[in-house]
Amino acid sequence: MLSELDDLDARPGSTTSLVRTIVGLYLREMGGWISSPHLISLMDTLGTTPQVTRTAISRLKKKGILDPQARGGESGFALTATGRGILARGDRRIFEPRSMASDDNWCILSYSIPEAQRERRHQLRKYLQGIGGGLMAPGLWIFPDYLREEVWEILRVLDLKNQATVVVSNTLEFTGTPQSMAAIWWDLQSLDSLHRSFLAQNGKAANASKSSPADSFATYVRAIDSWRTIPYLDPGLPLSFLPEDWPGRASSKLFLNIQSGHAAAARKYMESLTKRH
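Structure representation (structure tokens):
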């Protein structure tokens, strides 16, 4: 089972990831339940066969995101409490891309975990990296201060609050340049690749003028699916810490344009299938 810190570890673009994206976008506003035929029809719009969709749904059931539940004599799936927590956490990241200003505060985390708790130390590193933390030294991490609440949430869930210290400051002093230090603390090459991949996949998607509701639905779901991991891994560093050709601002702008151009039509299409089922 997933914990409240976990997101679904599924490759963006995979059937499981696309089902998870539909669940995240629409299931809560549908009362937390969807019929099996409705979900299969939505995935059919994305070009996925019912058999493949059912396999993906089974994976979400095993992960504890969906729970089989019949309503009104019709089979379907309800969103679990764990699933709701994961999706609520994701909303804060996915739909409101954030970036630091040059004078914003930093959050520095220091911790010491004994060897007897090695597994929790491994989990902590995994989750800190998963919210965009930069590794300054063993046991020493750096984040934009707007991620401080998530840092404390991780420490709370892992029961490590008493073994950690958090310092907030708007001043960093180091011997290198901001760009050189950021390249050491974060994997900027991988983040750069993620942004450029998103731009390449979705560069033509912002223009919604000739899209049908079904096309808007497919475009929007695929764009969200290819975007949703990026705001977790990219902390939104100040421009002074980034290369001059950094693609992050462009990809954030494209994402917001796709959202404004396709979200409403995609929801109408989803609702039209709801009535049909």
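Sequence positions in the sequence shown follow this note's numbering and run 1 to 277.
Beta carbons: idealized from backbone N, C-alpha and C, even for Gly.
All figures in this text were calculated on a predicted structure; none of them were measured in a lab.
| Nearest-angstrom Cα distance between residue 1 and residue 244? | Legend: pLDDT at residue 1 = 37, less than 50; position of this residue unreliable, value from coordinates given subsequently. Taking the straight line joining both Cα atoms gives about 42 Å.
| task | Take the Cβ of residue 115 as the centre, count every other Cβ of all protein chains shown within 10 Å, and call the residue buried at 16 or more, exposed below. | result | exposed
| Cβ separation of residue 227 and residue 94, assumed to be a contact under 8 Å, to the nearest whole Å | 7 Å
| Considering only the beta carbon of each residue, do residue 109 and residue 157 sit closer than 7 Å? | no
| Per DSSP, what kind of secondary structure is residue 217 in: helix, strand or coil? | helix
| task | Compare the beta carbon distance of residue 240 and residue 178 with 7 Å and say whether it is the shorter of the two. | result | yes
| request: Starting from the Cα of residue 66, find the closest Cα among 74, 81, 73, 52 and give me that residue. | output: 81
| field | Counted within 10 angstroms of its Cβ, other Cβ atoms place residue 260 as buried (16 or more) or exposed | value | It is exposed - the Cβ of residue 260 has fewer than 16 other Cβ atoms within 10 Å.
| field | Exposed unless 16 or more other CB atoms sit within 10 angstroms - verdict on residue 222 | value | buried
| task | Could you tell me which residues DSSP pairs with residue 67 in its beta bridges? | result | Paired residues: 78.
| Identity of the residue in 29, 73, 74, 14 nearest residue 47 by Cα | 14
| query | Out of curiosity, what's the CA-to-CA distance linking residue 131 and residue 43? | reply | 29 Å
| message | Which of the three DSSP states is assigned to residue 131 in this structure? | response | Collapsing the DSSP output to three states places residue 131 in coil.
| field | Exposed unless 16 or more other CB atoms sit within 10 angstroms - verdict on residue 292 | value | The shown model of the chain, from 1 to 277, leaves out residue 292, and the question about it has no answer.
| field | Beta-carbon proximity list for residue 214, same chain, < 6 Å, skipping 5 on both sides | value | 45, 269
| query | In terms of residues, what are the limits of the beta strand (DSSP E) holding residue 23? | reply | Looking at the DSSP string, residue 23 is not in any beta strand (DSSP E), and its letter there is neither H nor E.
| Counting only runs that start and end within the segment 164-232, where is the beta strand (DSSP E) found for 3 or more residues in a row? | 164-169
| request: Provide the residue span of the beta strand (DSSP E) that contains residue 144, from first to last. | output: 140-144
| message | Using the three-state DSSP reduction, which class does residue 158 fall into: helix, strand or coil? | response | coil
| task | Could you tell me which of 33, 84, 18 sits nearest to residue 53, measuring between CA atoms? | result | 18
| message | Going by C-alpha to C-alpha distance, which of 235, 273, 218 sits closest to residue 195? | response | 235
| field | C-alpha gap between residue 107 and residue 75, whole angstroms | value | 47 Å
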